[in-house]
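Take 44 as the starting number for the sequence shown in my numbering and just add one per residue. All residues carry an ideal CB built from backbone N, CA and C; glycine is no exception. Below you'll find the structure, written out as structure tokens, and then a few comments.
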Amino acid sequence: MMLKSYCLLRQRPICPSFLYVVFIGALFSAILSTVDSTLLAASGLLAHNIILPVHKKMSEATKVRINRLGVVLFGVVAYVLALYASSIHELVKTASAIGSAGVFVVLTLGLFSPLGKTYSAVTGLLTGAIAWIVGTYLLQLDFAYTLALGVSFLSYLTVALIEQALSAKQTVEQDTQSRRERLCGISKILPDMEHAIREEFNRKFKPETYQAFVAEISKYNRGAMDFRLCETPLFLSASMTQELLQASNTLIKELTAPEFMKRLDAAVPEHLRAPNEDAHPTFLQIDFAIVQLPNGQLAPRLIELQGFPTLYAFQWLLDLKIREFFEIPDALTPYFSGYSSESYLKHFKEVLLGDAAPENVVLLEVQPHMQKTRIDFYCTEELTGVRTVCVTEVIKRNRKLYYKKNGTEIPIERIYNRVVFDELYKKQIELGFRFQDELDVVWLNHPNWFMKISKYCLPLFQNEYVPKAYYLSDLETYPENLENYVLKPLFSFSGSGVEIDVTPQMLERISDRHNYLLQEKVEYAPIVQTPEGGTKAEIRMMFLWDKSEAPVLVNNLVRMSRGKMLGVSYNKDAQWVGASLAYHP
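Set out below in structure tokens:
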């Protein structure tokens, strides 16, 4: 055909003859260049996008050989297609259709979907091409291209989902391994407690950063704090963390034994016993001192335990703000039992609300806006929607309790009970109901647990983590080394009524001896190295016990001091002491 055109041109010459020779040569060159570029492009795509990702360590010589082989392969395919094509239209149609179904699927999903990686793309390309060939030449279908599109799409999607599942599993494994490596590294630099992390923290500490931190926290208190925030958290080593867990588990196992729980019934006087007590408290605290043993090792020793809530909401906020103002390694956490900041808060809200609406749940306290720890009440309300109500504002109608909100009486279904009986009776506050009434409410915790799980338990424990303790009413004679004991009221709170320097005369003056105990003194170790010197620490292990068989350790609270007492009321004027939390690997 080309020769015929040339002859026709020669019959009607327009240009000089040599120009026609040049034109035909240029035309052949363009055709060969196009074919060459197409074959090289197809071969390069095959080698670079399909073969190379599978065999990443291929040598350069092998890559060249594969490219050459690809050129030959695609050249043969193109030649065969040209031989069997009946027209130019059919040739173009066949060349376009043979792989475009897979290309269309891969490009579309690659651009508009996060699904798919190398193997899904390769699978989509190959299955699309194979489906078109089978549909066109073997099955002779009129809709072979549509079939190829469907097969390519389904195969791409299937392999992409498999890739996604494998990638997620690999990510989890990598994260787990990374965390193990970080924890291993941290454990190596913390043979006892703190050490390298403490040194780094103290070196970078700036008073102005601490002041900004306190100012930020104070915003949530709606005014100045009534207790001191420590300049630093406590950093626990892996070994000390395990010691605390072991001590907690030992005490929990002993505490939850049926015979032990039965002995606690005697803690509640009949005139104070509230009806409808549940099987166990929802909130439980265990306080440990960190002491130094004669062999130089550090160990936890029980100070007291409480069947009563503590600062669950504030400790969540405290972790958030410490990380905002100070550099805390990501591998360290204040949480336990696999909890994160998010899952801890979620579980806490579930425990408080149950199936009730937030407006039907109240945080009950005596004069709440005058309490030193009121920041926890405000945090609880902000995080959960649970309103803080003074015990004097509760209205009783038959078995139902109500509080007023904007002049409307709102039914109370659940009570987050923060009322300390000791404070309630000392202030002789008049109430609109009695804790001993039959009431249609759910208690968190039930009032009886305040007395049952308290210092009353201390003489009943029999394990290495508990110092000696005696009910004062059981003692006919006092220990000879009385200077090594402290006197504690059974049901006081925040260190109230504790006497450090005990004398026989002091004990003889006590008339209600059944409400006191003598506990062997615990010598706190000055484990926290600060610019002000060694500081002592007490760690509160915080538990939730809702639907589980045993209490679940979720968080912690730390109090630091260099004085005789650890409570937040006793460290107002010193520095590098006060309330904080412990980070552990």
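Helix, strand or coil: which one does DSSP assign to residue i?
i    : result
Y508 : coil
N527 : helix
T573 : strand
Q207 : helix
T325 : coil
G621 : strand
V634 : The question about residue 634 has no answer, for the chain in this structure spans 44 to 628.
T451 : strand
E563 : strand
A164 : helix
N558 : helix
N598 : strand
Y521 : coil
I229 : The predicted model places I229 with a pLDDT of 41, which falls under 50 and marks its position as unreliable; any figure quoted below should be read in that light. Helix at I229.
R241 : helix
E103 : helix
Please classify residue i as buried or exposed, where buried requires at least 16 neighbouring CB atoms within 10 angstroms.
i    : result
Q479 : exposed
H627 : buried
D419 : buried
A322 : exposed
S291 : buried
L339 : The residue you asked about is not Leu; residue 339 is Gly in the sequence shown. Answer is exposed; the Cβ neighbour count stays below 16.
Y528 : buried
I109 : buried
P352 : buried
S195 : buried
Y468 : exposed
Y180 : exposed
K447 : exposed
P276 : buried
S163 : buried
V595 : buried
N599 : buried
S386 : exposed
W486 : buried
Under the assumption that residue i contacts residue j (Cβ atoms under 8 Å), give the Cβ distance between them as a whole number of angstroms.
i    : j    : result
C632 : L360 : Any question about residue 632 goes unanswered here, given that the chain covers just 44 to 628.
T578 : R605 : 6 Å
E402 : I453 : 6 Å
A625 : L341 : The Cβ separation is near 13 Å, so there is no contact.
V437 : F476 : 6 Å
T325 : N488 : 5 Å
V146 : L192 : Between L192 and V146 the Cβ distance is about 11 Å, and since that is not below 8 Å, they are no contact.
V404 : Y459 : 7 Å
L503 : F303 : 7 Å
R316 : F331 : Going by Cβ atoms, the distance from R316 to F331 rounds to 30 Å, so no, they are not a contact pair.
T573 : N245 : 7 Å
K392 : T416 : Actually they are not in contact, since the Cβ atoms of K392 and T416 sit about 20 Å apart, beyond 8 Å.
G178 : S198 : Not really, about 15 Å apart at Cβ, beyond 8 Å.
D465 : F534 : 6 Å
E206 : K160 : 5 Å
A622 : L406 : About 19 Å; that fails the 8 Å criterion.
Q618 : E251 : 14 Å between Cβ atoms; not a contact.
I329 : L348 : 5 Å
Pick out whichever of the options has its Cα sitting closest to the Cα of residue i.
i    : options                : result
I472 : G178, T161, E408       : E408
K296 : Q618, A174, E402, E592 : E592
K498 : N488, Q505, A512       : A512
K443 : F248, G450, E456       : E456
S516 : R552, A317, Y382, E393 : R552
T546 : G540, T293, P522, L406 : P522
M584 : P250, D308, G171, Q289 : Q289
I371 : F248, T105, C500, P510 : F248
S282 : A267, R265, I333, P276 : I333
K564 : N524, S554, N599       : N524
I582 : L287, P318, V165       : L287
N558 : S380, V463, K531       : K531
R306 : L501, V595, R265       : L501
N449 : R440, R430, R461       : R430
P337 : A617, E274, Y567, I240 : Y567
K262 : A239, P312, K364       : K364
E425 : T151, T451, N264       : N264
L587 : A356, V620, I543       : A356
Taking only beta-carbon atoms, is residue i less than 9 Å away from chain C?
i    : result
T166 : Chain labels in this structure do not include chain C; a single protein chain is all it has.
Please go through the region 328-376 and give each complete beta strand (DSSP E) segment of 3 or more residues, from N-terminal end onward.
341-349
List, from N- to C-terminal side, the beta strand (DSSP E) runs of 3 residues or more that fit wholly inside the region 463-491.
485-487
Enumerate, from N- to C-terminal direction, the unbroken beta strand (DSSP E) stretches of 3 or more residues contained entirely within the region 391-447.
404-408, 430-433, 438-440
What are the start and end residues of each continuous alpha helix (DSSP H) run of 4 or more residues lying completely inside the region 264-306, in chain order?
281-298, 301-306
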